[in-house]
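S.K.:
Chains as they are written, first to last, in the numbering used here: chain A, 165 to 466; chain B, 650 to 1192; chain C, 5 to 354; chain D, 2 to 273.
1) Does DSSP put residue 326 of chain C in a helix, a strand or coil?
2) Any chance the CB of residue 275 of chain A is under 7 angstroms from a heavy atom of the ligand MN?
3) Assign residue 442 of chain A to one of three DSSP states: helix, strand, or coil.
4) Take the Cβ of residue 139 of chain C as the centre, count every other Cβ of all protein chains shown within 10 Å, and call the residue buried at 16 or more, exposed below.
5) Look at the alpha carbon of residue 1004 of chain B and the alpha carbon of residue 943 of chain B, and state the distance between them as a whole number of angstroms.
6) I want to verify the contact list: residues of chain B whose CB lies under 7 angstroms from the CB of residue 239 of chain C, in sequence order.
7) Suppose only complete runs of 4+ residues qualify. What are the alpha helix (DSSP H) ranges in the stretch 1135 to 1172 of chain B, listed by chain order?
8) List the residues of chain B whose Cβ lies closer than 9 angstroms to the Cβ of residue 216 of chain C, in chain order.
9) Applying the criterion that 16 or more other CB atoms from any shown protein chain within 10 Å of the CB defines a buried residue, is residue 808 of chain B buried or exposed?
10) Measuring CA to CA, which of D/139, D/118, D/150 and D/120 is closest to residue 129 of chain D?
11) Could you spell out where the beta strand (DSSP E) holding residue 79 of chain C opens and where it closes?
12) Residue 254 of chain C bridges to which residues according to DSSP?
13) Checking contacts by CB at 8 angstroms: is residue 128 of chain D closer than that to chain A?
14) For residue 650 of chain B, which residues in the same chain have their Cβ closer than 6 angstroms to its Cβ, ignoring the five residues on either side in sequence?
15) Just list the beta strand (DSSP E) runs in the stretch 668 to 711 of chain B, keeping only unbroken ones of 3 residues or longer that don't cross its boundaries, in chain order.
16) Using 8 angstroms as the threshold, is the C-beta distance between residue 181 of chain D and residue 195 of chain D below it?
17) When you compare each of C/98, C/102, C/50 and C/10 to residue 318 of chain C by their alpha carbons, which one comes out closest?
18) Specify the secondary structure class of residue 25 of chain C as computed by DSSP and reduced to three states.
19) Going straight from the alpha carbon of residue 703 of chain B to that of residue 1070 of chain B, what length do you get?
20) Could you tell me which of B/701, B/1038, B/684 and B/685 sits nearest to residue 665 of chain B, measuring between CA atoms?
21) Could you please give the first and the last residue of the uninterrupted alpha helix (DSSP H) stretch that includes residue 238 of chain C?
22) Less than 8 angstroms between CB atoms is the rule here; does residue 226 of chain D satisfy it with respect to chain A?
23) Residues in the stretch 967 to 992 of chain B with C-beta within 8 angstroms of chain D's C-beta atoms, listed in sequence order?
24) With a cut-off of 8 angstroms, does the C-beta of residue 305 of chain A fall near any C-beta of chain D?
25) For residue 355 of chain A, report the span of its alpha helix (DSSP H) as first-last.
26) Return the CA-CA distance between residue 163 of chain C and residue 157 of chain D, expressed in angstroms with no decimal places.
27) Residues of chain A with CB under 9 angstroms from residue 230 of chain D, in chain order?
28) What do you get for residue 399 of chain A, buried or exposed, if any count of 16 or more other CB atoms within 10 angstroms of its CB means buried?
29) Taking only beta-carbon positions, decide if residue 83 of chain D is within less than 8 angstroms of chain C.
30) So, do the stretch 447 to 464 of chain A and the stretch 1084 to 1104 of chain B have three or more beta carbon pairs nearer to each other than 8 angstroms?
31) Per DSSP, residue 176 of chain C forms a beta bridge with which residues?
32) Quick one: list the residues of chain C neighbouring residue 89 of chain D, beta-carbon separation under 8 angstroms, in chain order.
33) According to DSSP, is residue 354 of chain C helix, strand or coil?
34) In its own chain, which residues sit with a C-beta less than 6 angstroms from the C-beta of residue 674 of chain B, not counting the 5 before and 5 after it?
35) Return the CA-CA distance between residue 733 of chain B and residue 725 of chain B, expressed in angstroms with no decimal places.
36) Might you give, ordered along the chain, the residues of its own chain that have their beta carbon closer than 8 angstroms to the beta carbon of residue 778 of chain B, omitting 5 neighbours on each side?
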């Protein structure tokens, strides 16, 4: 294994291993940017990992009024799951509890997709018979009476089967502050890339995991090889001067989006340099046996 | 003029002829013994079947309700004429002109419109007179009219009831009497929504059974050849076979005709509580020589149901396709027009099978009549296809492949091998109707019969054979050649000559003055009103 | 005395017929308007078939009534039956003069088949009721609302749904409807357009969920409605019916006679009936009517009279025979003579 | 390939049924074959060549040069491609079309867009009665697509309409949206009496109060909904209007309560 050093940052010759996922996108609009974000944050809360949350979701991009169907501020939200059924279920639960409920909100398809996922066509029953279906061009909308007027919700949104989950960067730093600075820089750069979300808190995850556990009931457990406190007890991946590791996990609408996000993040981490940020960048994989997608760090260098 | 139809296979059950031979026509009549004269014109009928012109005893071809159906459904025949053949009812024969032509093309020369409200008799006769080529007859509806119900309630003498029936038949120029859901339409006007044979009409306390029995007796006593034509209560209702069975039981040895029995052939078995009871009904018919029936076969596709059974049609409004209908509260019956499309789903398949079961399980072709209750079960233009089903079990088997197997399981159709012979077809459509209606001068090729003759080119495929006759003669005149109409002669409307008593006329005059403030003239009309020369043909009563 | 005119000049009837025939022969788009008896309608339809003409009525009311049937149907009752059964009568909209005798009968008699109940007449009519009716009728008023609006109010208020305004006097009607044995809504295409009639039919249908109710649809023109019915069985379609393309076609807009005449599409106009007509420029008018003078600007006028004839009667709700004698020829006979003189035309069977 | 052009030789002496002249039906035919197509509609047997000069070859783009109120059934059952009429057209323009586009420079007769299912029809002049409506007896009007009338529409605009968008920008006659089942009707200009009479569902948008509103329509207050702007933007995208049609808080009425219906009638808050 031949590691490269760029701007003083060591780049492992390894790859992030990622999986095919089902994903969809919706556009949430509201009378103001603030309320569009409130709705979006609410519906993407507790959506860090499919393992415990059923889906992974986050805000892809904010939209200006002239970019939304109804001319109001909005956001595009991406949602990922392992199966179409689960995605459908999560989508309806989350839109129903968090978007329908949010003041002045409206909800539209955010993706054309290969097949439709129910959105308004399932939510409509909340209207108790007073819901109104309207078709404009090729798009169908449902209007549900609510206490501040109407909740407008497109009948369906699109499903993509080309989505990718689990792109990642592992940022190995001298201390916790440096690791966090590197991760923050990486996430900020990735957020500018369309079509991706970083589902963990602030885009960052500290509890990287490995497959399996000594406990039969668990499918994943702590990534001991990267935990500095276990350095003396397990086959550690950490050099002696590495005292903190953080990971950025990326889900993307497409293979290309994940690659682009990782490229942007990598560049930001390298630009930050080893003093203020990460000394070394690696990526998580399972030896290439499990995931369909591999993102080799050396291919993503600036 | 002497005409010879030469060398065809003559099938004439009335005379027992069934073999190759000649048929001679002179001056509009069959001439069985032309001695050794030369014909003025001769038609080669070799390779053809020669029969008398067919008689349809039950087909709604004209009158107020039929015209209302035309009015209701312009889009279903040729209204949007861009591609006239693409509309669901474009083969229906919807105008009077087309009705006459299409019947003649199939070799039918006499057709009975079975439901004329006496109050609208003139309208019916105006329409019938506009149907070219064929002769027509029509049955007057009684049994929901206040006058009759009042007579029965007040225990009027049988003579008075007979006089009233005789007056009605005479003034309406009818060929017989029909009763439709007897008492049901009157009860419906009093907000009754279901009505069975032993239910009573509220304001009169008179049951349907009593009305039917009263009319049956009057018709028989008057010597009107056609027995009372009964449209039972509960048409189309699951379990209605019991109504039909009870009604047949009430015939009590006196002739009675039950119309479109198929619509009563339903039991309540199975998951959908809709099953075939055709076998039970056929058994009763087989055991009751005084009963005749016609089938009212259902065939698939768009049609429109036209019935004077206003109560039943009101109930059927919800199933109208397209969703529009007319319900009419007339004097006496009124009626209802409800468009409907028979599909090969469970219900349609079952109805189709029930009709065929009746055809095949009733043994005596002299007592079962060939109808689709046009247009209720199917337009009469479906007749050729129906002949084929009766004459070929293979055709039935093929047809069943496209139908709902669950429905067919509730019928005996799959086990029936019977195939109608040409002679049986000729009985059912010629000889038997002649007898049933008292039209002694037609339905056969005997000496002196009206020269209504249908010549069909023999074909293995009965649908092709009966769909377009090779030659058709009406009163000796060639009207169809190779399936095309070649002459549009006017036909006549046949009426039975009853002689009403003068006393009843006076009583009726008083009744109409009192109840409507109108003279009886409003409810009668002179012959000239029909607007044709000699519009009527006379049929004698039995003596 | 038999009279006919070519223009304003007296002419022998055969000559007038010949002239009329010549006009039809050279016509590209002849229109026949009818308001007449059965035989004349039959003859006119036969003539239209031969001449490739359009047949229509000039009665806008008949057009509305036809549209009610073709577009939705409904529930109807014979007027004579209504007289005997209806204990609640509601008159909606203006009725034509031919209905006045019927309205009087309703007002002056009690139903004999209503289980001993007496009759109450309500009126949502816009005036012109006979005194006998006006005297007894309970007036329901929709104030400034048009008859279509009033019909909508009836239906909506009966179903206890909200309305922007109320019908005055509805309460009494509502109570009567709830207790009714048989409700007769009396109206006509004369006073209600097709949509108002359809609305009233919706009301009738609503009523029938609990009581019995039906509509007496009094024809705006008795003869016009009769002509429409004859056309329906003869051609398969109500008026207007066009034979221009060789087969019968029904289209109330394309073949509306008044439009064809006003827009100059028709070039010859044959009118059979009593309504006054006046031709626009560029159209040859032929009139068969019971007149003593030539019709102004008509190319041909032939005085005809009703002989023994059959006409539609509003009261009977069907056709009735009317015996009559007259010296002038009947319209049917004149039309038949024109037909005989017209050359044969290749016509597809209808 | 150049579009197929039919130049009208003279005002037709009878109504003509032009339904055979659509892109799909003419595909693969030579000019000579096209000239021999028989056109029904009137008493005389008329061939295309008797009435039109035929030029060009690509039937995907059809032009009727010159026009007449007697040219009926243009674009009937059309599936794709385009038809342009440089003058007037007759009845039943675009009847039952399922795709493609039709533009008419002049005015048209009744039943424009009757039972159309998809595609786009634009009439720059006026339209007759029952635009987007059914023919006699039929229970369904327009089922989809977009019909734009820049001039005035006749009576019963969008009668029994089920889906799609109809706009009349020069006003309309009485009873727009009568018996409407669903869909959207937009009227700018004077609208006649009783919009939405007997309507069950659907939306009628007006830029001013109608001549008479049925009392069975109930005011439900000013309408604030994201859908209003969605609709306005759609109208602008379709080139129907070039300004936000409804304004802020347009008044909304619901009805027809007589039916009962759940339709809506919205009157723009902009002053005209």
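For every residue, glycine included, the Cβ atom is placed at its ideal position computed from N, Cα and C.
M.R.: Reading it off the structure:
1) strand
2) Ligands in the displayed structure: none, and consequently the ligand MN is not present.
3) In the structure shown, the three-state DSSP call for residue 442 of chain A is strand.
4) exposed
5) 10 angstroms
6) 744
7) 1151 to 1165
8) 837, 838, 839, 840 and 978
9) exposed
10) D/150
11) 77 to 81
12) C/245
13) no
14) 689
15) 690 to 693, 697 to 701 and 703 to 705
16) no
17) Closest by alpha carbon: C/102.
18) helix
19) Going from the Cα of residue 703 of chain B to the Cα of residue 1070 of chain B covers about 16 angstroms.
20) In this structure, B/701 is the residue among B/701, B/1038, B/684 and B/685 with its C-alpha nearest to the C-alpha of residue 665 of chain B.
21) 226 to 239
22) yes
23) Listed by position, the residues of the stretch 967 to 992 of chain B near chain D (Cβ gap below 8 angstroms) are 971, 972 and 973.
24) yes
25) 340 to 355
26) C-alpha of residue 163 of chain C to C-alpha of residue 157 of chain D: approximately 26 angstroms in a straight line.
27) 233, 234, 235 and 236
28) exposed
29) no
30) no
31) DSSP, once it has assigned bridges, lists no residue as partnering residue 176 of chain C.
32) Residues of chain C passing the Cβ test: none, with the nearest at roughly 12 angstroms.
33) Its pLDDT being 36, under 50, residue 354 of chain C is placed unreliably in this model, and the value from its coordinates should be taken loosely. Correct three-state label for residue 354 of chain C: coil.
34) If we look at residue 674 of chain B and ignore the five residues flanking it on each side, its Cβ neighbours are 652, 1100 and 1125.
35) Only weak support exists for where residue 733 of chain B lies, its pLDDT of 41 falling under 50; the coordinates are left without a value.
36) 1139, 1142, 1179, 1180, 1181 and 1184
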